[in-house]
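**Student:**
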Amino acid sequence: EQAGTSTTNFKRKPVIIIVVGMAGSGKTTFLHRLVCHTQASNIRGYVMNLDPAVMTLPFSANIDIRDTVKYKEVMKQFNLGPNGGILTSLNLFATKFDEVISVIERRADQLDYVLVDTPGQIEIFTWSASGAIITEAFASTFPTVIAYVVDTPRSSSPVTFMSNMLYACSILYKTRLPVVLAFNKTDVAKHQFALEWMEDFEAFQAAVSSDESYTSTLSQSLCLVLDEFYKNLRTVGVSAVTGAGMEEFFKAIDAIAEEYMENY
Ligand code: GTP
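Residue numbers (our numbering): 1 to 264.
1) Are at least three pairs of beta-carbons, each pair with one atom in the region 120 to 139 and one in the region 62 to 74, less than 8 Å apart?
2) Between which residues of its own chain and Trp197 is the CB-CB distance below 8 Å, once the five residues before and five after are set aside?
3) For the alpha helix (DSSP H) that Glu86 lies in, which residues bound it at each end?
4) Straight-line CA distance for Ile146 to Leu172?
5) Going by the CB atoms, is the gap between Val149 and Gly21 shorter than 8 Å?
6) Taking Val35 as the reference, give the member of Lys76, Leu57 and Ala53 with the closest Cα.
7) Taking Cβ positions, are Ile18 and Thr152 nearer each other than 8 Å?
8) In this structure, does DSSP put Ala147 in helix, strand or coil?
9) Starting from Val47 and walking both ways along the alpha helix (DSSP H), at which residues does that stretch end?
10) Give the list of continuous alpha helix (DSSP H) stretches no shorter than 4 residues that lie fully inside the region 182 to 261.
11) Considering only heavy atoms of the ligand GTP, list every residue whose Cβ is less than 6 Å from one of them, following chain order.
12) To the nearest angstrom, report how far apart Arg107 and Ile256 are at their CA atoms.
13) So is Met48 buried or exposed if we call it buried at 16+ other beta carbons inside 10 Å?
14) Are the CB atoms of Phe142 and Lys251 nearer to each other than 8 Å?
15) Would you kindly report the start and end of the unbroken beta strand (DSSP E) that includes Gly131?
16) Just the C-alpha distance for Gln220 and Ile122, rounded to the nearest angstrom, thanks.
17) With the cut-off set at 8 Å, would you say Thr242 and Asp187 are in Cβ contact?
18) Should Phe138 and Ile43 be called a contact, given that it needs their Cβ atoms to be closer than 8 Å?
19) Would Lys174 be called buried (16 or more neighbouring beta carbons within 10 Å of its own) or exposed?
20) Ile253: buried (16+ other C-beta within 10 angstroms of its C-beta) or exposed?
21) Hey, could you find the ends of the alpha helix (DSSP H) Tyr264 is sitting in?
22) Relative to the C-alpha of Asp112, which candidate in Phe183, Thr38 and Tyr230 has its C-alpha closest?
23) Whose C-beta lies closer than 8 Å to the C-beta of Asp98 among residues of the same chain, with five residues either side of it excluded?
24) Going along the chain, which residues of its own chain have a beta-carbon closer than 7 Å to the beta-carbon of Ser156, five neighbours each way excluded?
25) Please classify Asp109 as buried or exposed, where buried requires at least 16 other C-beta atoms within 10 Å of its C-beta.
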């Protein structure tokens, strides 16, 4: 990476923020908060919903998968269960994703960010061919960042924290895109413990090994893996409910986008 390269020739494109996270981590509430923040701060945002099964959204989406694909009909037509229905809907949508990219390209001059909500079950997006197609289509055209939403109160046990971080790590590995960890629900539990575990390898190892149910050699190796993973990350504490941390979140996104700008 060439640090300090002039970016004056860079024609600003919107930065794509793909919001992912475990079911119930608060993706939709977080996205709603991002939308409110952009509107209140004169930031030009464009909103995309990729969850075909969501009943009601608290924000209005500029592009909504539900306008193109009718999830319930897909379930009936292909005789699928709920997850198969969501996956097939996403596959159908992915076949037209070049049109979505063109729509954004045409508006690129007027946009700062594209905010993307993904299906509730994380693996439908992160472990499917269509998720990969959509992610790659974005990343080959615009600077693209993954915002991984963590349910902070639910991650306070070392073993749960470790599983959640390993999942985030697998997303980094699979998408090869920069990741921002958004520790959500900090109104309920502060994410200080997470920062300490991420900064102090030994403190985390001690916390994990105090859980006797855990295999110690495996957990030691995993701690080492995560220590390496954290070097590639930015972390912010947020609350989708109170709106805390929104400015820090966008700062983290901008810092990443700047690092990657020369690729676009
Ligand atoms: P699915 O897509 O349905 O899996 O969920 P999601 O990840 O989109 O989460 P959603 O936004 O539906 O939020 C899940 C629950 O967490 C809801 O009850 C929210 O009110 C709650 N929640 C989300 N963000 C916060 C937060 O910052 N603080 C608190 N206290 N609750 C939150």
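The beta carbon of each residue, even a glycine, is placed where N, CA and C say it ideally should be. In this text the structure is predicted, and so the values were computed from the model without any measurement.
**Tutor:** Reading from the atomic positions:
1) no
2) Pro158, Phe161, Ala203, Phe204 and Ala207
3) Contrary to the premise, residue 86 reads as Ile rather than Glu in this sequence. It spans Pro82 to Ala94 - the alpha helix (DSSP H) in which Ile86 sits, taken as one unbroken run.
4) 8 Å
5) yes
6) Leu57
7) no
8) strand
9) Counting along the chain, Val47 falls outside any alpha helix (DSSP H), though it belongs to the beta strand (DSSP E) covering Gly45 to Asn49.
10) 192 to 199, 201 to 209, 216 to 230 and 246 to 260
11) Gly21, Ala23, Gly24, Ser25, Gly26, Lys27, Thr28, Thr29, Gly120, Asn184, Lys185, Asp187, Val188, Ser239, Ala240 and Val241
12) 22 Å
13) buried
14) no
15) Element bounds for Gly131: not the beta strand (DSSP E) but the alpha helix (DSSP H), Ala129 to Ala139.
16) 27 Å
17) yes
18) no
19) exposed
20) buried
21) Counting along the chain, Tyr264 falls outside any alpha helix (DSSP H), and DSSP gives it neither H nor E.
22) Thr38
23) Ala137
24) Ala189 and Phe193
25) exposed
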